[in-house]
């Protein structure tokens with residue numbers, strides 16, 4: 001990861017850093033997260049944190065929601081991270097996801113999150129707490 005950043009490889013492939021951080025996080029989430037948080041706040045850091053939030057949401061959606069709310073700068077990366085966390089959370093606990101969605105301060109994001117939950121609730125596969 002450090003080599004990719006030092007050689008500015010993210011300028012060649014904008015998704016490379018997020019992919020590398022995701023691979024690292026599957027082996028050692030805490031170190032990948034701490035390293036990412038220590039990077040200069042910018043769009044690249046936000047993209048990597050969004051990827052980490054998605055991964056964390058698969059096992060601990062509450063922690064992922066906290067990561068999104070506290071570590072990612074307001075903007076498109078955070079909005080997309082919210083939706084990815086909502087998606088993963090809904091698959092595990094639709095009621096919990098709905099409670100978080102209702103607490104979102106931005107009305108349009110709150111609506112997107114509610115639409116995501118409703119779409120998953122209508123899906124042909126079972127969603128815990130959706131029915």
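Numbering (the UniProt record's numbering), first residue to last: 1 to 131.
Cβ coordinates follow ideal geometry from the N, Cα and C atoms, glycine included.
Taking the alpha helix (DSSP H) that residue i falls in, what are its first and last residues?
{"i": "residue 80", "result": "76-92"}
{"i": "residue 37", "result": "16-37"}
{"i": "residue 73", "result": "Counting along the chain, residue 73 falls outside any alpha helix (DSSP H), and DSSP gives it neither H nor E."}
{"i": "residue 121", "result": "107-121"}
Would you call the CB atoms of residue i and residue j closer than 8 Å?
{"i": "residue 63", "j": "residue 56", "result": "yes"}
{"i": "residue 98", "j": "residue 117", "result": "yes"}
{"i": "residue 77", "j": "residue 106", "result": "no"}
{"i": "residue 61", "j": "residue 88", "result": "yes"}
Return the chain-ordered list of same chain residues with a C-beta closer than 7 Å to the C-beta of residue i, the five sequence neighbours on each side being excluded.
{"i": "residue 65", "result": "85, 100"}
{"i": "residue 22", "result": "51, 55"}
{"i": "residue 37", "result": "71"}
By Cβ distance, which residues of its chain are closer than 6 Å to residue i, with the 5 residues on each side in sequence left out?
{"i": "residue 81", "result": "50, 53, 68, 72"}
{"i": "residue 114", "result": "101"}
Within a Cβ cutoff of 8 Å, which residues of the same chain sit near residue i, ignoring the five residues on either side of it in sequence?
{"i": "residue 18", "result": "47, 48, 50, 51"}
message = In chain order, what are the residue ranges of uninterrupted alpha helix (DSSP H) at least 4 long that sit wholly in the stretch 39-64?
response = Every unbroken stretch of the alpha helix (DSSP H) spanning 4 or more residues and falling wholly within the stretch 39-64 is given here in chain order: 43-57.
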